[in-house]
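Asks:
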Amino acid sequence: MASAITTLAADAPTLSAANTGFMLICSALVMLMTPGLAFFYGGMVRVKSSLNMLMMSFISLGIVTILWVLYGFSLAFGTDSGSLIGWNSDYVGLSGIGITELWDGYTIPVYVFAVFQLMFAVITPALISGALADRVKFGAWVLFTGLWVTVVYFPVAHWVWGAGGWLFELGVIDFAGGTAVHINAGAAALGVILVIGKRVGFKKDPMRPHSLPLVMLGAGLLWFGWFGFNAGSWLGNDDGVGAVMFVNTQVATAAAMLAWLGYEKLRHGSFTTLGAASGAVAGLVAITPSGGAVSPLGAIAVGAIAGVLCAMAVGLKYKFGYDDSLDVVGVHLVGGVVGSLLVGLFATGGVQSDVAGLFYGGGLEQLGKQAIGVFAVLAYSLVVSAVLAFLLDKTIGMRVTEDVEVAGIDQVEHAETAYDFSGAGGGAASRNTAAPAPAASKKVDA
Amino acid sequence: MKLITAIVKPHKLDEIKEALQAFGVQGLTVTEASGYGRQRGHTEVYRGAEYQVDLVPKIRIEVLVDDSDAEELIRVIVSAAATGKIGDGKVWSVPVDSVVRVRTGERGADAL
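As they're listed, the protein sequences go chains A and B.
End of the first sequence sits at 446 in full-length UniProt numbering; the numbers just go up one at a time, nothing left out.
End of the second sequence sits at 112 in full-length UniProt numbering; the numbers just go up one at a time, nothing left out.
1) How many angstroms separate the CA atom of A:Thr272 from the CA atom of A:Gly218?
2) Could you name the residues of chain B that A:Val314 contacts, counting a contact when the two beta carbons are closer than 9 Å?
3) Anything in the stretch 206-224 of chain A with a Cβ closer than 7 Å to a Cβ of chain B? List those residues in chain order, please.
4) Alpha carbons only, please: which of A:Ala282, A:Phe320, A:Gly321 is nearest the one belonging to A:Pro310?
5) For A:Ile123 versus A:Met33, is the C-beta distance shorter than 8 Å?
6) Could you list the residues in the stretch 271-299 of chain A with a C-beta less than 8 Å from some C-beta on chain B, going in chain order?
7) Report the option in A:Ser290, A:Gly361, A:Asp354 whose CA atom is closest to the CA atom of A:Leu341.
8) Compile a chain-ordered list of the residues in the stretch 173-200 of chain A whose CB is closer than 9 Å to at least one CB of chain B.
9) Which residues, taken in chain order from the stretch 352-378 of chain A, show a beta carbon closer than 9 Å to some beta carbon of chain B?
10) Among residues of its own chain, excluding the 5 on either side of A:Leu316, which ones have a beta-carbon nearer than 7 Å to its beta-carbon?
11) Let me check understanding here. Comparing Cα to Cα, which of A:Gly130, A:Leu143, A:Trp234, A:Leu221 lies closest to A:Ile173?
12) So that I know if they touch, is there some Cβ in chain A lying closer than 8 Å to that of B:Glu15?
13) For the beta strand (DSSP E) containing B:Arg60, list its first residue and its last residue.
14) I'd like to confirm the pairing. Which residues does DSSP put opposite B:Val89 in its beta bridges?
15) In the DSSP output, what is B:Gln52 paired with across the bridge?
16) Is it true that the CB of A:Leu37 sits closer than 8 Å to the CB of A:Leu222?
17) Tell me which same chain residues have a C-beta within less than 6 Å of the C-beta of B:Arg107, skipping the five on either side of it?
18) Which partner residues does B:Leu3 have in the DSSP bridge list?
19) Tell me which residue opens and which closes the alpha helix (DSSP H) that A:Glu402 is part of.
20) Just the Cα atoms here: how many angstroms apart are A:Leu194 and A:Val149?
21) Could you tell me whether the Cβ atoms of A:Phe246 and A:Phe227 are closer together than 8 Å?
22) Using the beta-carbon of each residue, which ones in chain A are nearer than 8 Å to B:Glu44?
23) Between A:Met44, A:Gly98, A:Glu264, A:Tyr106, which lies nearest to A:Ala17 when the distance is taken from Cα to Cα?
24) Taking only runs that begin and end inside the stretch 177-225 of chain A, name each unbroken alpha helix (DSSP H) of 4 or more residues, in chain order.
25) Quick one: which residues of the stretch 316-328 of chain A get their C-beta closer than 8 Å to a C-beta of chain B? List them in chain order.
26) Based on Cα-Cα distance, which residue from A:Ala255, A:Val244, A:Pro209, A:Asp393 lies nearest to B:Glu44?
27) Helix, strand or coil: which one does DSSP assign to A:Trp103?
28) Between the stretch 249-267 of chain A and chain B, which residues of the former have CB atoms less than 8 Å from a CB of the latter, in chain order?
As structure tokens, this is what we get:
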């Protein structure tokens, strides 16, 4: 792909400092979404497992970054083979890329595109973790993350965004990751929880969020970072499409938050902060695939529909008995499916491409393509993720023991306590401290 | 000597404290507590899942007093704590055998 632009045509793109700067900022914004997600999830669990929830997201910034540099970028965006996977040995270790070499037909360096896409790869497995709250061995999760991005995310990103990828060539519209990120993560979450099972006490014990302010903080950071995620996905600002995406991101998110709140006010009697935060995220998810295809009024429709449907979907786990702990399926899978399909209805044909949806005279063709994209990613991710979880569970074991889960995973897996507000605190005599007090330097029985 | 314990609504703490100070009480201990009486709890909703929250936040105030002051002090606390609504709490007293002031080693009434 990179070689495609070595023939210097008269209108060959040149490096744009503006677009490059914009995309570096967008990359940083997307990076911020993963800690934001950590807070969003971390506040929703009980206090005894809050650190574990934060870490399940945060660790992705470590493991996926390294794998992306080593081979992930090459698998996702290297030269296509068989429409299924990419490879480019220059991308291995990002070591054969010239610093001014431009990304395929764009005005930004390959390095910039690689780091922008890296942030997407980081947040996608982190999204899964919300379904697995309180009960997964941290080591098993780290291993799962590495394996999952390798056999699920990198290939799916290639299908959807890589030149030659089969969904890309089919004409499935996924502006910023409705299929590759959200359906992918949501379906994976469902696959894994069907294998590892429910939390101890699911549907019996109260499992209230321990800190709704943290949830709101996380939702706010996600919303903020999502402008980079969405508007940045056009990889530049030469034609205004990225700006439309920016506007639609705000509009759909607002509509979804209001829709979720309205639904729960009618259904349950209160406007909740958790509803506001969840509705906002549902809107962000739904506008992700669609925001480059719809008008601002279309974005209101996308957001409102997603807000109501996701608010309804989060109740399904109680009906069917699967423990999607923090509603990754209800919000990300459902929101991703809704947003991806609505492209087939609300695409105006006047923004990112001339492809119009059903409501704009385009017939059913695009809706059909969107449905294929949705189903393909959903089915592949669900099955492969379930198999991965099954294999890990049968070998190293995915779950902590029931005792650890009940006592709180933080103490055992991380040897820490999230909050020490009490003066009494843990109050234990210190062992193995770096600088023992002189008088206590003799061996002390602890 | 008596130990007077009051379980009251959290927002009443300041009023009670002022009333006790006006009465001449030298010190007290306050802890955050939770529990329920006839008030029971309330319902909370998280993404549509309803939880019955039985335990309501309360404040526990403990005061050590001389026997002769006990009845009057209970009256002071009750009048400062009362709102007339359900959930106002309870106040009780129990006999205390001995009290020591840690700093001086004083005992009994001298330690109050």
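No residue lacks a Cβ here, since even glycine has one placed at the ideal position from N, Cα and C.
Replies: In short:
1) 16 Å
2) Arg47, Gly48, Ala49
3) Pro206, Arg208, Pro209
4) Note that residue 310 of chain A is Cys in the sequence shown here, rather than Pro. If we check each option's Cα against that of A:Cys310, A:Ala282 comes out closest.
5) yes
6) Thr272, Leu274, Gly275, Ser278
7) Minimum Cα distance to A:Leu341 is reached at A:Ser290.
8) Within the stretch 173-200 of chain A, no residue qualifies.
9) none
10) Gly330
11) A:Trp234
12) no
13) 56-65
14) The sequence given here has Gly at residue 89 of chain B, not Val. Answer is B:Val8, bridged to B:Gly89.
15) B:Thr43
16) yes
17) When the five nearest sequence neighbours on each side are left out, the beta carbons in the same chain lying within less than 6 Å of the beta carbon of B:Arg107 are those of Val100, in order along the chain.
18) B:Leu64, B:Val94
19) 402-407
20) A:Leu194 and A:Val149: Cα-Cα distance of roughly 19 Å.
21) yes
22) Arg208
23) Ranking A:Met44, A:Gly98, A:Glu264, A:Tyr106 by Cα distance to A:Ala17 puts A:Tyr106 first.
24) 184-196
25) Tyr318, Asp327
26) A:Pro209
27) coil
28) Glu264, Arg267
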